[in-house]
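Going line by line, the protein sequences match chains A and B.
Numbering of the first sequence is given in our numbering, commencing with residue 1 and proceeding in unit increments.
Numbering of the second sequence is given in our numbering, commencing with residue 302 and proceeding in unit increments.
This report refers to the structure that appears directly beneath it.
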Amino acid sequence: MTSVGTAVAGASRLTPGPKSRSRRVRNWVATVVIGLAFLIAMVPLVFLVVYVVQQGSKAFSWEFLTTNPPFSDRLPGGGMAPAVVGTIVITGAAALMAIPLGILGGIYLNEYGGKNALARTVRFLAEVMTGVPSIVMGLFIYTLVVVNTGERTGFAGSLALASLMLPIVIRVTDQMLQLVPRELREGSYALGSRRARTIRTVVLPKAAPGIVSGALLAVARAAGETAPVLFTIGIVAEPNWNVFKGPNTTLSQQIFLNATSPFAPAQERAWAAALTLILIVFVVTILARIVTAFFSRRQGA
Amino acid sequence: MDTITQTPANVREVTDTSASAPGVENPDTAAPPELPEEQRELVFELRDLEIRYSGHTAVREVNIDVAAREITAFIGPSGCGKTTVLRSLNRMHDITPGATVHGTVLYHGENLYGPKVDSAEVRRRIGMVFQKPNPFPKTIFHNVAYGPKINGRKRSDMSDIVEEALTRAALWDEVKDKLNKSALGLSGGQQQRLCIARALAVEPDVLLMDEPCSALDPIATARIEDLMEELKRDYTIVIVTHNMQQAARTSDRTAFFTAEIDDAGKRVGRLVEYDVTEKLFTAPSDPRTEGYITGRFG
């Protein structure tokens with residue numbers, strides 16, 4: 001091979017030999033395969049978002065978020081205000097219960113329990129619980145709460161969603177704390193800090209971004225769940241801000257009901273409700289990211 | 302090795318090496334230095350120290366006296382237990398699962414592992430600098446203020462404390478304009494001096510340094526060594542190092558550890574020789590020490 005500008009007699013040392021050539025080919029193939037895999041993975045995601053936005057925007061408007069649904073499925077117009085309110089209060093109440101408890105549980109597992117019998121048991125159960133179908137959580141709360149109180153409320157739905165979120169938050173916290181380098185903890189202990197302060201001032205801030213991500217994942221998952229709220233919250237046609245009293249409704253439930261309706265206006269409302277749900281999760285995610293960024297900047301991380 | 306001739310000025314001349322050692326009768330262990338004993342204020346007295354990890358002995362039969370305002374170096378090959386011994390001096394093993402400490406460690410004559418001793422109090426008096434710089438993911442200011450805050454120092458005194466600690470650690474001029482920037486943006490050498498400043502801000506009595514320069518380049522290393530020389534006026538320093546020249550350059554006394562295979566076929570660290578640095582490097586009394594310092598093994 002002739003190389004640029006240099007007149008080397010015989011074979012150049014810088015141009016690829018046969019072995020090197022096959023490595024270059026394999027490198028190229030691997031790059032292409034990984035790129036393709038990425039594109040294929042993106043297809044359903046992009047398709048889903050585009051399709052929901054396209055279908056959902058037909059019925060979506062500010063009115064849609066603030067008005068009640070019409071009397072009948074047949075009628076066009078109307079909105080999802082009760083479901084928007086219900087989704088916010090029910091998921092919010094669930095998050096308020098599950099996230100603090102889950103983070104404390106995760107802290108216990110990694111910082112205090114370590115490898116003792118209780119911690120191992122809890123860790124195992126949390127793992128099993130993440131695999132429990134969400135409808136089982138709904139049935140569990142139905143028999144435990146709804147049957148005993150004789151009333152379907154938003155709070156019963158919150159309890160069901162919280163039991164769904166709890167194991168996710170516990171596991172994520174446990175795993176994120178495990179990733180905090182040992183040297184940081186030792187640095188804190190070496191200055192005369194005790195365990196509780198070391199966890200609060202060094203370990204948790206370091207693990208916070210990961211824990212926030214995990215908690216968000218749990219919130220997003222809970223906000224979209226239909227099965228746990230199906231038996232527990234009843235249904236309502238007007239916004240009910242009181243999570244503890246009276247029946248409620250959520251976007252996921254409304255999507256389920258309206259999408260299975262035979263009438264086109266109801267189906268359009270189902271699509272718009274789906275778009276609303278995606279937007280809510282999107283907004284919550286952005287807010288949480290801003291809060292985390294603010295705290296980590298304050299720490300100088 | 303001409304570096305040996307640079308031993309610090311206050312190393313006293315070895316006059317009498319005959320065994321006037323008090324109480325220690327371990328043939329493997331060099332007799333503790335018997336220089337004007339009455340003038341040496343002992344900070345640590347290690348007696349038959351043995352440390353086990355999950356029942357397995359990592360190092361044993363360690364007898365060392367550490368004097369105030371001296372630099373004591375621990376040298377030896379990897380796995381000889383020098384870091385393990387160092388970490389027993391501020392009770393770091395309390396937070397290592399499975400680690401147990403046996404024998405006696407006296408700190409100013411008081412049992413460091415006594416029933417009423419609080420390990421957090423111990424670590425406030427006996428600071429530590431680690432092998433890898435480990436600044437907290439906080440600002441430079443808050444890294445240094447962390448320890449004083451734990452000690453309940455007033456918020457209004459904090460900027461003075463931080464400035465003094467950073468000045469002592471020879472870092473103030475480099476960081477005074479960016480105290481509110483993240484400590485993680487500093488270079489490795491600066492981070493390590495920050496960790497020293499962080500330890501000094503608690504006003505400890507002793508500074509334990511675990512291979513503090515192993516992650517640093519020669520220039521940063523030289524700065525840390527100069528700093529140790531400075532700090533020696535007020536602090537007692539114990540340093541673990543892989544670098545024999547560093548031990549020879551900086552320390553007053555040196556302990557040489559090595560690892561041996563015991564009867565059960567397990568690797569166990571042991572103290573071979575502990576003496577004034579100059580003597581240990583020029584006229585070691587144990588052939589294993591000589592073998593190590595002349596580079597024949599390890």
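A virtual CB, placed ideally from N, CA and C, is assigned to each residue, including glycine.
Being a predicted model, the structure only gives us computed values, none of them experimental.
Per-residue DSSP class, three states only, for residue i
i	result
Gly566 (chain B)	coil
Asp506 (chain B)	coil
Asn271 (chain B)	In the structure as shown, chain B starts at 302 and stops at 599, and residue 271 (chain B) therefore has no counterpart that could be examined.
Met165 (chain A)	helix
Phe60 (chain A)	coil
Thr384 (chain B)	helix
Gly453 (chain B)	coil
Thr468 (chain B)	helix
Glu475 (chain B)	helix
Ala543 (chain B)	In the sequence as presented, Ala is not what sits at residue 543 (chain B); that position holds His. If DSSP states are grouped into helix, strand and coil, His543 (chain B) belongs with coil.
Ile233 (chain A)	coil
Arg426 (chain B)	helix
Gly77 (chain A)	coil
Ala584 (chain B)	coil
Arg194 (chain A)	coil
Glu579 (chain B)	helix
Ser483 (chain B)	strand
Thr153 (chain A)	coil
Val180 (chain A)	coil
Thr15 (chain A)	coil
Thr595 (chain B)	coil
Val212 (chain A)	helix
Thr143 (chain A)	helix
Local Cβ density within 10 Å of residue i, reported as buried at 16 or more and exposed below that
i	result
Gly214 (chain A)	buried
Tyr447 (chain B)	buried
Phe294 (chain A)	exposed
Thr384 (chain B)	buried
Ser287 (chain A)	Inspection of the sequence shows that residue 287 (chain A) is occupied by Leu rather than by Ser. Exposed: under 16 other Cβ atoms inside 10 Å.
Thr330 (chain B)	For Thr330 (chain B), the predicted model reports a pLDDT of 42, less than 50, meaning its position is unreliable and no value from the coordinates is stated.
Thr66 (chain A)	exposed
Gly596 (chain B)	exposed
Met393 (chain B)	buried
Ile34 (chain A)	exposed
Ser134 (chain A)	buried
Arg456 (chain B)	exposed
Gln493 (chain B)	buried
C-alpha distance - residue i paired with residue j, whole-angstrom precision
i	j	result
Ala322 (chain B)	Arg348 (chain B)	Bear in mind that a pLDDT of 41 at Ala322 (chain B), under 50, signals an unreliable position, so the number given afterwards is only what the model happens to contain. So the alpha carbons of these two residues sit roughly 13 Å apart.
Gln254 (chain A)	Gly399 (chain B)	56 Å
Leu279 (chain A)	Ala220 (chain A)	11 Å
Thr149 (chain A)	Ser355 (chain B)	53 Å
Asp395 (chain B)	Pro205 (chain A)	24 Å
Ile40 (chain A)	Arg21 (chain A)	29 Å
Ile290 (chain A)	Gln54 (chain A)	28 Å
Asp458 (chain B)	Val180 (chain A)	31 Å
Arg123 (chain A)	Thr130 (chain A)	11 Å
Ser193 (chain A)	Ala421 (chain B)	6 Å
Ala369 (chain B)	Val344 (chain B)	6 Å
Leu101 (chain A)	Pro167 (chain A)	10 Å
Val363 (chain B)	Leu572 (chain B)	6 Å
Lys533 (chain B)	Ser552 (chain B)	10 Å
Pro519 (chain B)	Ala471 (chain B)	16 Å
Ala359 (chain B)	Thr397 (chain B)	13 Å
Arg341 (chain B)	Leu387 (chain B)	21 Å
Ile233 (chain A)	Thr153 (chain A)	5 Å
Asp419 (chain B)	Glu411 (chain B)	13 Å
In DSSP terms, what residue i is bridged to
i	result
Glu561 (chain B)	B:Val569
Glu512 (chain B)	Note: Glu512 (chain B) sits in no beta bridge, so no partner.
Ile365 (chain B)	B:Leu347
Asp461 (chain B)	Asp461 (chain B) is not bridged to any residue.
Glu531 (chain B)	Glu531 (chain B) pairs with nothing; no bridge assigned.
Thr555 (chain B)	B:Ala374, B:Asp576
Glu411 (chain B)	B:Tyr408
Ala400 (chain B)	B:Tyr354
Ile538 (chain B)	B:Ile372, B:Leu508
Val360 (chain B)	B:Ile352, B:Gly570
Thr440 (chain B)	B:Ser483
Check: residue i C-beta below 7 Å from any heavy atom of the ligand COA
i	result
Arg370 (chain B)	Of ligands this structure carries none, so the ligand COA is not represented either.
Next item on the list: Determine which residues of the region 452-474 of chain B have a Cβ less than 8 Å from any Cβ of chain A, and write them out in chain order.
Entry: Asn452
Next item on the list: Using a Cβ-Cβ cut-off of less than 8 Å, give me the residues of the region 388-414 of chain B that come near chain A, in sequence order.
Entry: Asn391, Met393, Ile396, Pro398
Next item on the list: Below 9 Å between beta carbons is the criterion; list the residues of the region 190-217 of chain A that meet it against any residue of chain B, in chain order.
Entry: Ala190, Leu191, Gly192, Ser193, Arg194, Arg195, Arg197, Thr201, Val202, Pro205, Lys206
Next item on the list: Residues of the region 108-127 of chain A with a CB closer than 9 Å to any CB of chain B: list them in chain order, please.
Entry: For chain B, the residues of the region 108-127 of chain A that bring a beta carbon within less than 9 Å of one of its beta carbons are Gly114, Lys115, in chain order.
Note to self: Along the region 168-184 of chain A, where does the CB come closer than 7 Å to a CB of chain B? Name the residues.
What the structure shows: So the list reads Glu183, Leu184, given in the order they occur along the chain.
Notebook entry, point to check: Closer than 8 Å, Cβ to any Cβ of chain A: which residues of the region 497-512 of chain B, in chain order?
Noted result: Arg499, Ala500, Val503
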